[in-house]
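Student: Okay, here's the structure, questions in a sec.
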């Protein structure tokens with residue numbers, strides 16, 4: 006996973022280095038046909054002739070939005086930075102980054118490498134602050150009139166607070182906030198493919214990504230087969246320290262995170278869920294490790310269903326009809342990612358269009374890439390990162406009319 010993140014993080018720099026020279030970046034834009042015409046030169050000139058004499062040139066020019074401030078989380082300490090800094094620099098913006106206090110070394114190393122590569126020191130600046138000082142940094146970012154744009158990845162609650170604080174200076178905002186992704190398996194799905202996709206989506210980074218599947222919706226007829234095959238594969242996942250050879254899933258970020266997952270699992274079981282696999286910390290490995298877990302018959306009112314888990318827990322419920330599945334999937338304030346498995350192409354396009362999410366994976370559980378727009382709807386955020394849409398977040402469009 007670490008090696009994959011290095012490749013993933015570099016891909017944003019590579020992509021936006023090329024994007025900087027395209028017409029979609031700063032200095033680029035488009036020439037528009039003018040609707041204006043020259044007035045008739047004499048009373049005898051016909052209206053048709055006047056109409057055929059266009060006047061002026063219209064330009065729509067891209068310009069850098071200005072100094073930007075960024076706040077990144079700990080779960081992708083390289084890629085979360087490059088997916089923001091890359092397009093900002095490509096657009097011609099300067100950057101002040103507040104990285105997570107839990108993973109500052111990667112950001113420090115990245116800045117050192119950037120300066121060695123020739124980037125002026127003041128163009129990419131770094132703020133290191135502990136948890137107690139972080140709110141003060143966020144307030145300064147939001148209220149300082151020099152900063153023209155803020156990009157934040159983190160919790161929905163903090164994102165809302167940043168929006169409120171930024172309102173007095175009317176800043177541009179990109180917010181990638183919390184998720185609670187559904188993973189639907191229809192009875193026409195390739196079950197083996199669905200299991201592979203589910204594991205890729207759920208257990209990546211020990212379940213600690215904002216696009217990890219949280220709520221697994223299985224159609225009645227395939228529940229037993231899916232769970233049997235899923236548990237068979239999950240039992241094979243090697244849990245251990247990241248530096249140990251053969252490890253496939255590492256620890257959670259902290260002991261508190263492991264305790265939170267355990268509390269949610271216990272609550273779900275008390276509310277009627279059945280623990281099919283796992284369900285406990287792995288104390289022999291350390292306080293931050295948790296077993297890959299599968300729960301079935303999870304209540305929609307359970308916290309592990311209704312809120313983002315950030316842990317290696319598959320929470321399963323069932324449905325009978327497509328309409329029911331879509332309703333359950335959309336029954337959340339979040340709208341970042343959604344996944345479903347089906348071999349029916351009519352259903353694929355129909356359901357993909359009805360899911361209220363900014364990102365949809367069909368028969369696949371890992372779909373993030375530097376070339377695709379990444380972002381959510383509803384309370385999962387504003388704006389997009391990645392692809393052409395990613396650099397547009399750091400640009401203003403200026404309309405220029407030339408009467409020449």
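Residue numbers (our numbering): 6 to 409. Cβ coordinates follow ideal geometry from the N, Cα and C atoms, glycine included. All of these numbers come straight from a predicted model, not from anything done at the bench.
(1) Could you compute how far the alpha carbon of residue 309 sits from the alpha carbon of residue 269?
(2) Tell me, to the nearest whole angstrom, how far the beta carbon of residue 372 is from that of residue 366; I am working on the premise that it is less than 8 Å.
(3) Give the secondary structure of residue 283 by DSSP, where H, G and I count as helix, E and B as strand, and everything else as coil.
(4) Which ranges does the beta strand (DSSP E) cover as unbroken runs of at least 3 residues, wholly within the segment 65-112, from first to last along the chain?
(5) Who are residue 402's beta bridge partners in DSSP?
(6) Check whether the segment 388-396 and the segment 167-187 are in contact - that is, three or more C-beta pairs closer than 8 Å.
(7) Determine the DSSP secondary structure at residue 207, reduced to helix, strand or coil.
(8) Report the rounded CA-to-CA distance for residue 289 versus residue 117, giving the unit in angstroms.
(9) What separation, rounded to the nearest whole angstrom, lies between the Cα atoms of residue 105 and residue 331?
(10) When we look at the beta-carbon of residue 219 and count the other beta-carbons within 10 Å, is it buried (16 or more) or exposed?
(11) Reducing DSSP to helix, strand and coil, say where residue 346 ends up.
(12) Starting from residue 163 and walking both ways along the alpha helix (DSSP H), at which residues does that stretch end?
(13) Quick one: using the 10 Å Cβ neighbour count with 16 as the cut-off for buried, is residue 409 buried or exposed?
(14) Cβ atoms of residue 31 and residue 407: under 8 Å apart, would you say?
(15) Tell me whether residue 222 sits in a helix, a strand or coil according to DSSP, three-state version.
(16) Is the beta carbon of residue 38 less than 8 Å from the beta carbon of residue 153?
(17) Which residue comes first and which comes last in the beta strand (DSSP E) that contains residue 233?
(18) Looking at the unbroken alpha helix (DSSP H) that takes in residue 146, where does it start and where does it end?
(19) Beta-carbon separation of residue 102 and residue 85 under 8 Å?
(20) I need the straight-line Cα distance from residue 141 to residue 149, nearest angstrom please.
(21) Inspect the beta-carbon positions of residue 319 and residue 298 and report whether they are closer than 8 Å.
Tutor: Looking at the atomic coordinates:
(1) Residue numbering aside, residue 309 sits at position 304 when the chain shown is read from its first letter. Residue numbering aside, residue 269 sits at position 264 when the chain shown is read from its first letter. When rounded, the distance between both Cα atoms is 5 Å.
(2) Position 367 of the chain shown holds residue 372. Position 361 of the chain shown holds residue 366. Going by Cβ atoms, the distance from residue 372 to residue 366 rounds to 4 Å, so yes, they are a contact pair.
(3) On the chain shown, position 278 is the one that residue 283 refers to. Looking at residue 283 - three-state DSSP - the assignment turns out to be coil, as it is neither helix nor strand.
(4) 73-76, 100-103
(5) Locating residue 402 in the chain shown gives position 397, where the first residue counts as 1. Paired residue(s): 67.
(6) yes
(7) Along the chain shown, one-based indexing puts residue 207 at 202. Note: residue 207 maps to helix in three-state DSSP.
(8) Counting from one through the chain shown, the residue named residue 289 turns up at place 284. Counting from one through the chain shown, the residue named residue 117 turns up at place 112. Near 38 Å, if we compare the C-alpha coordinates of residue 117 and residue 289.
(9) Translated into positions along the chain shown, residue 105 becomes position 100. Translated into positions along the chain shown, residue 331 becomes position 326. Spanning the two alpha carbons is a distance of roughly 35 Å.
(10) Walking along the chain shown from the start, residue 219 turns up at place 214. Classification for residue 219: buried.
(11) Reading the chain shown from its first residue, position 341 is the one you call residue 346. In the structure shown, residue 346 sits in a strand (DSSP, three-state: E or B).
(12) Translated into positions along the chain shown, residue 163 becomes position 158. Here the alpha helix (DSSP H) through residue 163 covers 161-171.
(13) For the purposes of this step, residue 409 is taken as residue 404 along the chain shown, with counting starting at 1. With fewer than 16 other Cβ atoms within 10 Å, it is exposed.
(14) One-based indexing of the chain shown puts residue 407 at position 402. One-based indexing of the chain shown puts residue 31 at position 26. No, the pair does not count as a contact, with Cβ atoms beyond the cut-off.
(15) As a working mapping, residue 222 is identified with position 217 in the chain shown. Residue state, collapsed to three classes: strand.
(16) Working through the chain shown from its first residue, we reach residue 38 at position 33. Working through the chain shown from its first residue, we reach residue 153 at position 148. No, these two residues do not count as a Cβ contact at 8 Å.
(17) Within the chain shown, numbered from 1, the residue matching residue 233 stands at position 228. First-last for residue 233: 228-239, but that is the alpha helix (DSSP H), not the beta strand (DSSP E).
(18) Numbered from 1 along the chain shown, position 141 holds the residue referred to as residue 146. Where residue 146 is concerned, the enclosing alpha helix (DSSP H) stretches over 139-148.
(19) Numbered from 1 along the chain shown, position 97 holds the residue referred to as residue 102. Numbered from 1 along the chain shown, position 80 holds the residue referred to as residue 85. No.
(20) Position 136 of the chain shown, counted from the start, is the residue given in the question as residue 141. Position 144 of the chain shown, counted from the start, is the residue given in the question as residue 149. Distance between the alpha carbons of residue 141 and residue 149: 12 Å.
(21) For the purposes of this step, residue 319 is identified with residue 314 of the chain shown, where counting begins at 1. For the purposes of this step, residue 298 is identified with residue 293 of the chain shown, where counting begins at 1. The answer is yes: Cβ separation under 8 Å.
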